[in-house]
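Written below as structure tokens is the structure these notes are about.
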Amino acid sequence: MTDSSAREGHPIDFHTVHADALAEQRDAIEAIYAGQRSGVIVRGAFPESLRAPAVERLQSDALVDAWDEPNAGMTGGEIRTIGDAATPTFTHLRGPSIDFYDASAAAFAENTRRIFGDADPVARVSHVLSGLFGGRPAGPPAFDAEKTWSPCNYRALDPGEQIYSHHDNHFGLEVYQRMPADLDRSTALSWFVTLQAPDAGGELVVYGLWGSDPNPPMLPTRFLDTAALEARFHKHTCDLRDGDLVVFDAGRYVHRVTPVQGDRPRLTLGGFLTIAQDRSRLAFWA
Ligand SMILES: O=C(O)CCC(=O)C(=O)O
Ligand SMILES: [Fe+2]
21 MTDSSAREGH
31 PIDFHTVHAD
41 ALAEQRDAIE
51 AIYAGQRSGV
61 IVRGAFPESL
71 RAPAVERLQS
81 DALVDAWDEP
91 NAGMTGGEIR
101 TIGDAATPTF
111 THLRGPSIDF
121 YDASAAAFAE
131 NTRRIFGDAD
141 PVARVSHVLS
151 GLFGGRPAGP
161 PAFDAEKTWS
171 PCNYRALDPG
181 EQIYSHHDNH
191 FGLEVYQRMP
201 ADLDRSTALS
211 WFVTLQAPDA
221 GGELVVYGLW
231 GSDPNPPMLP
241 TRFLDTAALE
251 ARFHKHTCDL
261 RDGDLVVFDA
271 GRYVHRVTPV
281 QGDRPRLTLG
291 GFLTIAQDRS
301 RLAFWA
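With our numbering, letter number 173 in the sequence shown gets 193, and the count goes up by one each step, no holes.
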């Protein structure tokens with residue numbers, strides 16, 4: 021059946037813009053938040069001068085000690101990370117504790133210096149996300165009086181690994197007690213930068229199923245039934261190249277990253293974002 025109107029669920033609508041023309045998408049994040057659009061891809065968000073040295077360092081012996089395996093033991097889903105995210109993992113099913121997250125966030129600046137040297141990837145992310153939000157301020161939210169949340173974390177999917185179908189609405193985890201109360205929690209958007217696309221596979225696939233929809237297709241293992249999503253639901257495969265940044269409504273839409281194929285790991289950095297209830301600023305974190 022190729023007639024997409026015969027497919028189930030919510031329609032999926034992605035826009036694409038070049039990083040030099042962000043003004044064309046100055047309303048993108050509000051449109052995604054309002055449920056009028058699913059996502060936006062920013063081509064060339066990270067220039068080669070920022071991307072290429074980081075990719076080399078992330079794969080170097082000098083950084084071997086920095087990588088963690090938060091999903092160790094999860095067959096096929098063993099992502100590697102530098103820095104923790106405020107999400108459930110196979111080793112912390114209810115997400116990181118406040119103290120554990122605090123310690124990880126404290127290591128962010130030094131980890132980032134080891135990967136990017138004197139370059140400032142967070143300033144670049146802030147610029148791009150702000151541009152998709154009409155130029156309003158974008159930065160990590162306050163964690164307490166002195167500290168902020170981690171702006172992002174670093175991720176590697178090795179050949180054969182994938183991210184299984186899920187949606188990202190993690191505001192119920194303990195660590196979100198530290199999220200400023202004026203931020204909108206009606207959904208959370210995901211964003212990430214492709215630092216190194218794999219030879220093949222490793223694609224972000226978004227389905228027309230929302231996490232809030234009744235009776236999602238489930239396997240007896242309580243994982244989402246990806247074969248049913250593939251067969252029946254609206255589906256969009258994102259074309260993401262080196263240096264591209266994608267923002268999408270991961271809080272509502274079920275999505276996955278397909279198994280990486282070839283010899284090299286898929287490398288990304290990213291996190292989540294939301295906007296203030298009064299729409300005055302944007303907050304991003306991992
Ligand atoms: O590929 C990544 O870094 C994360 C994919 C994902 O599940 C997300 O962005 O929510
Ligand atoms: Fe996700």
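Cβ coordinates follow ideal geometry from the N, Cα and C atoms, glycine included.
The segment 80 to 91 and the segment 224 to 234 do not touch, with fewer than 3 CB-CB distances between them shorter than 8 Å.
Taken from the Cβ of G231, every heavy atom of ligand 1 lies 8 Å or farther away.
In this structure, the alpha-carbon of D269 lies about 15 Å from that of H254.
Put simply, the backbone Cα of G103 is about 30 Å away from that of Q45.
Bounds of the alpha helix (DSSP H) holding T132 are 128 to 136. Nearest in C-alpha terms to R242, of all of R156, H186, R205, D219, is H186.
Counted as a single uninterrupted DSSP element, the stretch harbouring V267 is not any alpha helix (DSSP H) but the beta strand (DSSP E) occupying residues 265 to 268. The beta carbon of I183 sits closer than 8 Å to at least one heavy atom of ligand 2. Around the CB of Y184, fewer than 16 other CB atoms lie within 10 Å, so the residue is classed as exposed. H275 and D233 have their C-alpha atoms roughly 14 Å apart. With the rule of 3 Cβ pairs closer than 8 Å, the segment 213 to 220 counts as touching the segment 275 to 292. Sorted by chain position, residues whose beta-carbon lies closer than 6 Å to a non-hydrogen atom of ligand 2 are H186, D188, S210, A270, H275. When C-beta atoms of the segment 138 to 150 are compared with those of the segment 246 to 253, fewer than three pairs fall below 8 Å, so the two segments do not count as touching. Sequence-distant Cβ neighbours of A51 in its own chain, meaning closer than 8 Å and more than five residues away, are R57. A direct Cα-to-Cα measurement between I61 and V225 gives close to 13 Å. Assignment of E50 by DSSP, reduced to helix, strand and coil, places it in the helix class. CA-CA distance, F292 to Y174, rounds to 13 Å. Annotation: the continuous beta strand (DSSP E) that includes T288 extends over 286 to 295.
For R156, the closest alpha carbon among the candidates R272, L42, V37 is that of L42. DSSP places L149 in no beta strand (DSSP E) but in the uninterrupted alpha helix (DSSP H) bounded by 141 to 151. For G263, the CB stays at least 8 Å from every heavy atom of ligand 1. Out of L287, R252, D202, T294, the CA that lies nearest to the CA of V267 is found in T294. In the three-state reduction of the DSSP assignment, R301 falls in the coil class. Look at F66 here: in three-state DSSP terms it is coil, with no helix or strand label. With fewer than 16 other beta carbons inside 10 angstroms of its own, S300 counts as exposed. One thing to note: S170 has its Cβ within 9 Å of the Cβ of A306. About 22 Å separates the beta carbons of R133 and D262, which is beyond the 8 Å limit, so they are not a contact pair.
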